[in-house]
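Structure first, then comments.
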Amino acid sequence: MLAEDFEDTTYVFTIVSAGGWARSSSQSHGGDYAFRSGTIGDGQTSTAVITVPSGAVAVQFWYKVSSEQNYDYFRFYVGGAEQLAASGEVGWTQSAEYPLGEQTQISFAYSKDSSSASGADAAFVDDVTFVLPSVHLLRRPPSPAASHRGSRW
Ligand SMILES: [Ca+2]
Ligand SMILES: [Ca+2]
Numbered sequence: 030m031l032a033e034d035f036e037d038t039t040y041v042f043t044i045v046s047a048g049g050w051a052r053s054s055s056q057s058h059g060g061d062y063a064f065r066s067g068t069i070g071d072g073q074t075s076t077a078v079i080t081v082p083s084g085a086v087a088v089q090f091w092y093k094v095s096s097e098q099n100y101d102y103f104r105f106y107v108g109g110a111e112q113l114a115a116s117g118e119v120g121w122t123q124s125a126e127y128p129l130g131e132q133t134q135i136s137f138a139y140s141k142d143s144s145s146a147s148g149a150d151a152a153f154v155d156d157v158t159f160v161l162p163s164v165h166l167l168r169r170p171p172s173p174a175a176s177h178r179g180s181r182w
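First residue of the sequence shown? That's 30 in my numbering, and the numbers climb one at a time after it.
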């Protein structure tokens, strides 16, 4: 498991394109900082494209939305596929655990329709966790030498 809490400027993932998203102390799920969507105008979208840590098989995160309900949306994508859309006043919520499959990029987006704003007019993400394959101790197959020894009594 790899976690990103946005408490410092070093991230466990690589930001390909921040699109205005940045760490911010205006809201947080844990600690003092979270990842906040950029300030955008009507009809615009702020999208952070992220390359996940090498080997990650799934991702989960906490999110909060404060937007014009049913018009201005927080969305989450794995590869190009939308996984989650939320609008209105949504308090800190833990997302589902999304399998990454072969995808190495995820995106957080906040997009606004053609008019009006409500609340903080932003989406927030914090405590992003990446599931890594569990590390099993390699089981040694019985070696031929060992079984020969065993069969000899
Ligand atoms: Ca935090
Ligand atoms: Ca709007």
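Just so you know, even glycine gets a beta-carbon here, dropped at the ideal spot from N, CA and C.
Check                                                                                                                                                       : Outcome
I'd like to confirm something about S57: is its beta-carbon nearer than 6 angstroms to some heavy atom of ligand 1, or not?                                 : yes
Please classify G70 as buried or exposed, where buried requires at least 16 other C-beta atoms within 10 Å of its C-beta.                                   : exposed
Grab me the residues of A87's own chain with a C-beta within less than 8 angstroms of its C-beta, minus the 5 sequence neighbours each way, in chain order. : E126, Y127, P128, L129, F159 and V160
Work out the CA separation of A138 and S57 for me, nearest whole Å.                                                                                         : 18 angstroms
Between the alpha carbons of G117 and S163, how many angstroms are there, rounded?                                                                          : 37 angstroms
Would you mind reading off the limits of the beta strand (DSSP E) that contains Y92?                                                                        : A87 to S95
Below 6 angstroms, is the gap between the Cβ of F42 and the nearest heavy atom of ligand 1?                                                                 : no
Apply the 10 Å Cβ neighbour rule to A77 and answer buried if 16 or more other Cβ atoms are within range, or exposed otherwise.                              : buried
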